[in-house]
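Straight run, no breaks: the sequence shown in the numbering used here ends on number 826.
For each residue, glycine too, the CB sits at the ideal point set by N, CA and C.
In this text the structure is predicted, and so the values were computed from the model without any measurement.
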Amino acid sequence: MSSVLAGVLQMVALIAALALAYRPLGDYMAKVYSSDKHLRVEKWIYKGIGANPNTEMRWPAYLRGVLAFSAVSVLFLYLLQRFQGSLPGSLGFSSIDPDQAFNTAASFVSNTNWQSYYGEQAMGHVVQTGGLAVQNFLSASVGIAVAVALVRGFARSRTGELGNFWSDLVRGTVRILLPISVIAALVLVACGAIQNFSGIHEVGQFTGGSQQWNGGAVASQEAIKELGTNGGGYFNANSAHPFENPNAFSNLFEIFLILLIPFALTRTFGRMVGSLKQGYAILATMVTIWIGFTALMMWTEFAHHGPAFDIAGGAMEGKETRFGVGASSIFAVATTLTSTGAVDSFHSSFTGLGGGITMLGMQLGEIAPGGTGSGLYGMLIMAIIAVFIAGLMVGRTPEYLGKKIGTREIKFAACYILITPALVLVFTAAAMALPTPGNSMTNSGAHGFSEILYAYTSASNNNGSAFAGLNADTQWFNSTLGLAMLLGRFLPMVFVLALAGSLAEQKPVPATAGTLRTEKPLFTGLLVGAILIITGLTYFPALALGPLAEGLAS
């Protein structure tokens, strides 16, 4: 079987698996967030944190809950790392330096999971399991909660109430993420991923010395790492490491986990707003971009440019032979079109155009299908922008799902789409202009610029993957990337929740003959076009200096 055909068949199998899970999971999540009943374990949690799950919140109160909980999480994870050397189960590792502890705390709480350290050489079992793995659950649940709040803004009328943040947070963790993660961890263990709390072992004798490996609760962390679109690996090699991702089946299964909830949330959206067709329209937009990017990535990585490429069957540099070019391309697109950041190959070693595709996927806002929750609310913001553009074309007040998109709503949406590009471009410009940050680049020229552009694109979009050529473990990058992660995660949430509150206060607008049919293929095409044009106009100059220049020169 040719490597191209193998890649295509894996893509077909992945689509079939996602299609089978789409309806039951989407309906189940809609039921979870619409129910007024609480499980016994949830009642214990509410009592422990002193929250009343039945109290409805307006958007400022909902936002305060998000920010307060996340701030406490950052502080807890920071202190856990700073005191690691005094904790049991530290495997003899010392406490983490302040700048790296801040970077890691900001990274995992913001669902970015950027890592400027070697996991197996820096973090013990307590920090890995009690700190990082816990935030993998909680940060993902926060993202889903904010998305559900926006959906309620569309579904409700004449009220500013968006639900209860604490209830949404707990339900997302207990009823959705935990059960699926348990099943996924068992599958990964069956595939060969490790799950233990062993210490450091010396393995074999090699020229120049022996090699040391430590164990860990890897399978359980790997499951939520992918399911929650987190991406932080137990080991430095991330999902390219055989302890995390042993074989071709586990690789495809991990891609399935990455895409599972973001795609299924479109069904949840359609169910909660009372129109499954609206959910299908958003799904069609996501799928169109995802399949298009995957096909383009496969083409760039399978293209032959000489004898070495012919022999290997494609661009095999930086890719695991047990996965091959096709599976690595599918994984790379899935992880950068979502906010996952996990890697089973190294994006710095992709072709110039292939590296540009991974960057562009993040620069779209990671909305196809995007992160757990963040992908849905990002796509809904873009839908509002598309409706506004259509309204300008015909001279009619834009409407979406029975809600008027007025001056206030479009300002919130515009602020949302401007924040992330501003962070990416400003921080990249500062790093290139100052003398010290440039010393961290492994390469010069266009590829070196791509390393820095990729780093701030990844951090500001809460992705977490790296080009693997940049030494980011410096005070400058630990501090600025940490700041970019926090601002890129929580500033957009401010405008999402403010928009949700504004929509919830409106009364429904009846559909007329002039109402744009947002459930039709025409709107899907308009939405895809708006996303690509807005992103292209914003990032094209930067991409032209980096991956495009490199790709055209090769």
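Whole-angstrom distance between residue j and residue i, CA atom to CA atom
i: Phe749; j: Ser600; result: 28 Å
i: Leu769; j: Asn502; result: 22 Å
i: Ser737; j: Ala772; result: 30 Å
i: Ser570; j: Ile602; result: Checking the sequence shown, residue 570 turns out to be Met, not Ser. Between Met570 and Ile602, the C-alpha separation is close to 8 Å.
i: Ala291; j: Pro641; result: 14 Å
i: Tyr552; j: Leu537; result: 11 Å
i: Ile287; j: Met558; result: 13 Å
i: Asp371; j: Ser751; result: 6 Å
i: Asp308; j: Ser388; result: 43 Å
i: Phe355; j: Ile368; result: 8 Å
i: Trp316; j: Gln400; result: 26 Å
i: Arg543; j: Gly415; result: 19 Å
i: Ile656; j: Arg428; result: 17 Å
i: Arg330; j: Leu817; result: 45 Å
i: Ser522; j: Ser732; result: 29 Å
i: Leu311; j: Gly590; result: 47 Å
i: Val666; j: Leu788; result: 10 Å
i: Ala377; j: Val490; result: 20 Å
i: Thr729; j: Gln778; result: 36 Å
i: Phe739; j: Pro451; result: 33 Å
i: Ala462; j: Ile533; result: 23 Å
i: Ile803; j: Gly322; result: 42 Å
i: Thr431; j: Ile682; result: 20 Å
i: Thr796; j: Met765; result: 25 Å
i: Phe348; j: Ser716; result: 39 Å
Nonlocal neighbours in the same chain, by C-beta distance under 6 Å from residue i, ignoring five residues either side
i: Ala587; result: Glu573 and Thr623
i: Asn468; result: Gly487
i: Tyr305; result: Val420
i: Leu706; result: none
i: Lys549; result: Glu791
i: Thr714; result: Gly741
i: Ala567; result: none
i: Ala785; result: none
Below-8 Å beta-carbon distance, residue i vs any chain E residue
i: Pro764; result: Reference to chain E is not applicable here, since this structure consists of a single protein chain.
Sequence-distant residues of the same chain with beta carbon closer than 7 Å to residue i, five excluded per side
i: Leu697; result: Ala814
i: Phe507; result: Gly391, Glu392, His513, Phe515 and Glu516
i: Ser345; result: Val381, Gln407 and Leu410
i: Leu652; result: Leu422
i: Ile649; result: Correcting the residue type first, residue 649 is Tyr in the shown sequence and not Ile. Hits under 7 Å: Val418, Ala419, Leu422 and Val768.
i: Ala412; result: Asn383, Leu449, Gly500, Thr501, Asn502 and Thr644
Sub-8 Å separation of residue i and residue j beta-carbons
i: Ala278; j: Gly626; result: no
i: Ser362; j: Val398; result: yes
i: Asp616; j: Glu638; result: no
i: Asn734; j: Ser470; result: no
i: Thr424; j: Leu410; result: This sequence places Arg at residue 424; Thr is not what is there. Result no, Cβ atoms of Arg424 and Leu410 do not sit closer than 8 Å.
i: Ile915; j: Phe699; result: A question about residue 915 goes unanswered here, because the residues of the chain that appear run from 273 up to 826.
i: Ala614; j: Thr607; result: yes
i: Thr610; j: Gly643; result: yes
i: Ser774; j: Phe684; result: yes
i: Asn324; j: Gly504; result: no
i: Val475; j: Glu314; result: no
i: Gly760; j: Phe374; result: no
i: Phe565; j: Gly633; result: yes
i: Ala658; j: Leu524; result: no
i: Gly821; j: Ala718; result: It is worth fixing the name first, because residue 821 is Ala in this sequence and not Gly. For Ala821 and Ala718, yes; Cβs fall inside 8 Å.
i: Arg447; j: Tyr294; result: no
Nearest residue (CA-CA) to residue i, options the options
i: Leu690; options: Thr807, Phe380, Leu434 and Asp745; result: Thr807
i: Thr274; options: Glu681, Glu589, Ala343 and Gly596; result: The residue you asked about is not Thr; residue 274 is Ser in the sequence shown. If we check each option's Cα against that of Ser274, Gly596 comes out closest.
i: Asn743; options: Pro360, Ala703, Leu755 and Leu763; result: Ala703
i: Ile496; options: Glu526, Lys792, Ile472 and Arg539; result: Glu526
i: Ala417; options: Met283, Ala378, Leu449 and Ala373; result: Leu449
i: Gly337; options: Pro451, Phe762, Lys683 and Phe812; result: Phe762
i: Gln484; options: Gln493, Ile472, Gln282 and Ser492; result: Ile472
i: Pro780; options: Val545, Ala701, Gly643 and Ser716; result: Val545
i: Gly444; options: Met665, Ser732, Gly645 and Gly754; result: Gly645
i: Thr612; options: Arg594, Glu498 and Tyr649; result: Glu498
i: Trp438; options: Gly464, Val461, Lys319 and Ile452; result: Lys319
i: Val284; options: Thr746, Ile563 and Gly403; result: Ile563
i: Leu529; options: Leu673, Ser492 and Ile724; result: Ser492
i: Leu297; options: Leu531, Glu494, Phe341 and Ala340; result: Leu531
i: Leu758; options: Thr630, Tyr726, Ser342 and Leu335; result: Ser342
i: Pro793; options: Leu809, Thr560 and Asn326; result: Thr560
Proximity test, residue i beta-carbon vs the ligand MN heavy atom, cut-off 7 Å
i: Gly488; result: Absence of the ligand MN is noted for the structure shown, with no ligands found whatsoever.
Contact set for residue i: own chain, Cβ-Cβ below 8 Å, skip 5 residues either direction
i: Ser358; result: Ser367
i: Gly464; result: Pro514, Pro518, Asn519 and Ser522
Quiz item: Which ranges does the alpha helix (DSSP H) cover as unbroken runs of at least 4 residues, wholly within the stretch 717-752, from first to last along the chain?
Solution: 717-732
Practice problem: Counting only runs of 4+ residues fully inside the stretch 383-426, write out the alpha helix (DSSP H) ranges in chain order. | Solution: Listed in chain order, they are 391-394.
Self-check item: Whole alpha helix (DSSP H) elements within the stretch 603-655, 4-residue minimum
Solution: 624-635
Quiz item: In chain order, which continuous runs of the alpha helix (DSSP H) of length 4 or greater are located wholly inside the stretch 532-599?
Solution: 548-574 and 579-584
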